[in-house]
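This report concerns only the one structure given below.
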């Protein structure tokens with residue numbers, strides 16, 4: 001018995017405590033890891049495998065009758081030529097201006113609105129009315145941008161409801177051509193994005209509010225705090241971690257102005273304001289057949305977004321102690 005015990009002890013000593021704990025955790029939670037396996041396979045197949053196509057940004061790819069992969073890897077390697085062409089092109093500054101302006105104005109409206117909606121819905125005491133308001137605020141999110149764009153175009157047309165209200169209030173005597181004038185375009189997209197997404201985005205804030213200990217509100221009432229003070233000193237501080245994380249994610253998508261809304265609401269008269277990175281790469285890649293150029297533009301957008309996420313996450317961690325990773 002003693003030799004066996006000594007042998008087992010030696011084999012255990014060969015494993016470091018860290019490795020032993022990791023192996024024990026793997027054995028204990030093996031079924032959880034098996035449940036995670038389908039999601040991991042999905043991510044590898046649909047998220048990481050297509051990243052091989054980024055090689056297209058560094059070659060002069062032209063589709064042929066052969067297979068995609070054989071054509072891609074046999075294409076002429078041009079290095080950073082497509083990136084230089086993009087940066088030196090006169091369209092670069094126009095497209096970047098439109099992308100940044102559209103996303104920043106959208107962020108100005110769309111980020112605080114879900115917070116306000118979540119707080120307002122939480123303050124409703126009538127359960128039936130509360131559910132009605134929640135459902136009404138969620139509905140625009142499930143409408144496709146094709147339908148949403150048609151609604152916006154109808155409202156902003158020369159004989160639409162918006163112009164009718166402006167004339168009724170004597171703000172203007174003639175119809176305002178909102179969708180033919182570029183200076184209105186960024187604001188139209190920003191308000192459209194806010195209207196469409198604010199209800200659905202408020203779900204995460206409502207979930208965070210529901211996790212707040214109700215005894216804090218009861219104690220605040222005893223101390224004489226009204227509803228506004230309860231929101232300021234209890235609700236908002238508890239929402240801070242959620243707000244920081246969602247702000248990091250929102251800033252990470254600052255170069256993703258949205259393809260659907262700009263493509264559907266934009267036209268030739270507003271192209272100088274509606275052409276963003278996504279529509280620009282679509283026009284050159286699909287319509288003009290410059291696939292490698294479009295891939296380079298898309299890769300540039302993704303790399304910049306990643307850098308912004310890392311910087312904002314680091315800054316938030318240093319200033320507030322809250323971060324995404």
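In UniProt numbering, the protein residues as written are 1 to 325. Quick reminder that beta carbons are idealized off the backbone N, C-alpha and C, glycines included.
Linking residue 238 to residue 209 through their CA atoms gives a straight-line distance of about 7 Å.
Between residue 292 and residue 82, the C-beta gap is smaller than 7 Å, which places the two residues in contact.
According to DSSP, residue 59 shares a beta bridge with 77. Excluding residues up to 5 positions away in sequence, 251, 252, 254 lie with their Cβ nearer than 7 Å to the Cβ of residue 308 in the same chain. Residue 40 carries a helical assignment under DSSP once its states are collapsed to helix, strand and coil. The DSSP-derived three-state label of residue 28 is helix.
Put simply, the segment 104 to 118 touches the segment 191 to 198. At least three CB pairs are less than 8 Å apart. Distance from the CA atom of residue 102 to the CA atom of residue 259, rounded to whole angstroms, is 12 Å. Shown here for residue 88: not one same chain residue has a beta carbon closer than 6 Å to its own, the five before and five after excluded.
In this structure, residue 189 and residue 265 form a Cβ contact; the two beta carbons are roughly 6 Å apart against a cut-off of 8 Å. Leaving aside the five residues that flank residue 173 on each side, the residues in its chain whose CB is nearer than 8 Å to its CB run, in chain order, 167. For residue 176, the CB contacts under 7 Å within the same chain, skipping 5 residues up- and downstream, are 163, 166 in chain order. In the three-state scheme derived from DSSP, where H, G and I count as helix and E and B as strand, residue 177 is classed as coil.
The beta carbons of residue 220 and residue 230 sit closer together than 7 Å. Here residue 38 is exposed: its Cβ has fewer than 16 other Cβ atoms, across all protein chains shown, within 10 Å.
By a beta-carbon distance limit of 8 Å, residue 57 contacts residue 296. Their separation comes to about 4 Å.
For residue 196, the enclosing alpha helix (DSSP H) stretches over residues 185 to 210. Residue environment for residue 226: exposed (fewer than 16 other C-beta atoms within 10 angstroms of its C-beta).
Cβ neighbours of residue 154 within its own chain (closer than 7 Å, five residues either side excluded): 160. Going by C-alpha positions, residue 289 is about 26 Å away from residue 45. Its Cα nearest to that of residue 202, the residue 139 stands out among 256, 171, 145, 139. In this structure, residue 178 sits near residue 156, with a CB-CB distance shorter than 7 Å. Secondary structure in the segment 234 to 261: the alpha helix (DSSP H) runs of 4 residues or longer, each lying completely within the stretch, are 236 to 252 in chain order. In the three-state reduction of the DSSP assignment, residue 286 falls in the helix class, which pools H, G and I.
Cβ atoms of residue 152 and residue 192 come within 8 Å of each other, at about 5 Å. Here residue 316 has 244, 248, 322, 323 as same chain residues with Cβ atoms under 7 Å from its own Cβ, once five neighbours each way along the sequence are excluded.
Counting only the Cα atoms, residue 35 lies some 41 Å from residue 62. In the DSSP assignment, residue 214 falls within the alpha helix (DSSP H) that extends over 214 to 222. Residue 66 carries a coil assignment under DSSP once its states are collapsed to helix, strand and coil.
If you draw a straight line from the Cα of residue 106 to the Cα of residue 214, it comes to about 34 Å. Separation of residue 50 and residue 246 (C-alpha to C-alpha, rounded to the nearest whole angstrom) is 27 Å.
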